[in-house]
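In this note's numbering, the protein residues as written are 22 to 300. C-beta atoms are modelled at their ideal positions from N, C-alpha and C, and glycine is treated no differently. Scroll down for the structure; my scribbles are underneath it.
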């Protein structure tokens, strides 16, 4: 009997590995969906829930890592979610609901690790407000970062991340700290990459936000280290009583948002991602 084994070119192998990582992240998303309510918000997140309700237009929290566009379409068809709200109760006048996510989608994670950040071999990444841990899982699978630290204030989310990290055997490179970022000066000082995705606006009042940003700007000072933020630092700091001179702290690095030519790519979401280098 002669067996013919498929021959893989190096590029084919890389693509196969990439596909497997995508599938693994989707499996993690499924695990998390089974542990959380549809809106992915916990009752302990009082301020975030309040701020979402105070948006100028009706807004719902839909976690982009757990629910992609196809999944949302499926939920809408089942009547479990709606993309619209009624402008006049009982009428046919409807308008699109606003959607907000506190996690990166799978595509955004791939964009960050494949197109925004350089090779992270031997580097330390810190995710401020790691929540579900998506940045950490993406970093484990899509990068060679030696250590990935999540800092999360909410103990329930820390427990959830620990479950995933242990189940998928990520403990060799990922560690989650249940802590206020303003107690983690040493960690921030040693970070090669610091990630902040909608990190404070929905979870702290303005005084606490100003305090946190001031602390970060004093501790993220490692020359050449990188910051990945959503939204831009300018947007995050506008309206806060802080004395942070961005021009003497960081330099923004332009990003190419056209790396995915597909028409159905949410370019607007990618354009919210900004990269800075510490001077």
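For residue 210, I'd like the list of residues in its chain whose CB is within less than 6 Å of its CB, leaving aside the five on either flank, ordered along the chain. Here the question's residue 210 lines up with position 189 in the chain shown. Once the five neighbours on either side are set aside, the close Cβ partners of residue 210 are 240.
Return helix, strand or coil for residue 295, following the three-state DSSP convention. Your numbering for residue 295 matches position 274 in the chain shown. Strand at residue 295.
What are the residues that DSSP puts in a beta bridge with residue 170? As a working mapping, residue 170 is identified with position 149 in the chain shown. Partner(s): 147, 196.
Please determine, among 227, 273, 123, 56, the residue with the shortest C-alpha to C-alpha distance to residue 152. Taking the first residue of the chain shown as position 1, residue 152 is located at position 131. It is 123 whose Cα lies nearest to the Cα of residue 152.
Close-in-space but distant-in-sequence residues of the same chain around residue 238 (CB under 7 Å, 5 per side omitted): Reading the chain shown from its first residue, position 217 is the one you call residue 238. Taken in chain order, the residues that qualify are 265, 270.
Which same chain residues, not among the five before or five after residue 166, have their C-beta less than 6 Å away from its C-beta? Taking the chain shown and counting its residues from 1, the one referred to as residue 166 is at position 145. So the qualifying residues of the chain are 141, 144, 146, 160.
Smallest Cα separation from residue 300: which of 286, 52, 274? What you label residue 300 is simply residue 279 of the chain shown in a count that begins at 1. The residue with the shortest Cα to Cα distance from residue 300 is 274.
DSSP beta-bridge partners of residue 219: The count along the chain shown starts at 1 and reaches residue 219 at position 198. None, per the DSSP bridge assignment.
Measuring alpha carbon to alpha carbon, tell me which residue in 137, 198, 44 is nearest residue 297. As a working mapping, residue 297 is identified with position 276 in the chain shown. It is 137 whose Cα lies nearest to the Cα of residue 297.
Do residue 134 and residue 49 have their C-beta atoms within less than 7 Å of each other? In the chain shown, the residue the question calls residue 134 occupies position 113. In the chain shown, the residue the question calls residue 49 occupies position 28. Taking 7 Å as the Cβ cut-off, residue 134 and residue 49 do not qualify as a contacting pair.
Residue burial classification, residue 195 (beta-carbon count within 10 angstroms, cutoff 16): Numbered from 1 along the chain shown, position 174 holds the residue referred to as residue 195. Buried: at least 16 other Cβ atoms inside 10 Å.
Closest to residue 251 by C-alpha separation, out of 57, 126, 52, 59, would be which residue? Taking the chain shown and counting its residues from 1, one reaches residue 251 at position 230. Looking at the Cα atoms, 126 is the closest of the given residues.
Which of helix, strand or coil does DSSP assign to residue 57? On the chain shown, residue 57 is found 36 positions in, with the first residue counted as 1. The answer is coil: DSSP assigns residue 57 none of H, G, I, E or B.
Taking only the alpha-carbon atoms, compute the straight-line gap between residue 41 and residue 234 and give it to the nearest angstrom. The residue you call residue 41 lines up with position 20 of the chain shown. The residue you call residue 234 lines up with position 213 of the chain shown. Computed Cα separation, rounded: 37 Å.
How far does the alpha helix (DSSP H) with residue 228 in it extend, from its first residue to its last? As a working mapping, residue 228 is identified with position 207 in the chain shown. Per DSSP, the unbroken alpha helix (DSSP H) holding residue 228 starts and ends at 227-240.
Assigned secondary structure, residue 207 (DSSP; H/G/I helix, E/B strand, else coil): Within the chain shown, residue 207 is the residue found at index 186, counting from 1. It is helical.
If we ignore side chains and look at the alpha-carbon of each, how far apart do residue 203 and residue 236 end up? Locating residue 203 in the chain shown gives position 182, where the first residue counts as 1. Locating residue 236 in the chain shown gives position 215, where the first residue counts as 1. Cα to Cα, the separation comes out at about 6 Å.
Give me, in chain order, the residues of the same chain whose beta-carbon lies closer than 7 Å to that of residue 282; leave out the 5 immediate sequence neighbours on both sides. Along the chain shown, one-based indexing puts residue 282 at 261. If we look at residue 282 and ignore the five residues flanking it on each side, it has no Cβ neighbours.
Which class does residue 268 belong to by DSSP, given the choice of helix, strand or coil? On the chain shown, residue 268 is found 247 positions in, with the first residue counted as 1. It is helical.
Sub-7 Å separation of residue 217 and residue 172 beta-carbons: The residue labelled residue 217 in the question sits at position 196 within the chain shown. The residue labelled residue 172 in the question sits at position 151 within the chain shown. No, these two residues do not count as a Cβ contact at 7 Å.
Roughly how many angstroms separate the alpha carbons of residue 112 and residue 84, rounded to a whole number? Indexing the chain shown from 1 puts residue 112 at position 91. Indexing the chain shown from 1 puts residue 84 at position 63. Any reading at residue 112 is ruled out, since the residue's pLDDT is 44, under 50, leaving its predicted position unreliable.
Rounded C-beta distance between residue 215 and residue 254? I'm assuming under 8 Å. Taking the first residue of the chain shown as position 1, residue 215 is located at position 194. Taking the first residue of the chain shown as position 1, residue 254 is located at position 233. That pair is no contact at about 11 Å.
At what residues does the beta strand (DSSP E) containing residue 249 begin and finish? Taking the first residue of the chain shown as position 1, residue 249 is located at position 228. Run containing residue 249: 247-251, per the beta strand (DSSP E) assignment.
Which value, in whole angstroms, describes the spacing of the CA atoms of residue 184 and residue 43? Within the chain shown, residue 184 is the residue found at index 163, counting from 1. Within the chain shown, residue 43 is the residue found at index 22, counting from 1. Straight-line Cα distance between these residues: approximately 20 Å.
Opening and closing residue of the alpha helix (DSSP H) in which residue 160 lies: The residue you call residue 160 lines up with position 139 of the chain shown. Counting along the chain, the alpha helix (DSSP H) containing residue 160 begins and ends at 155-163.
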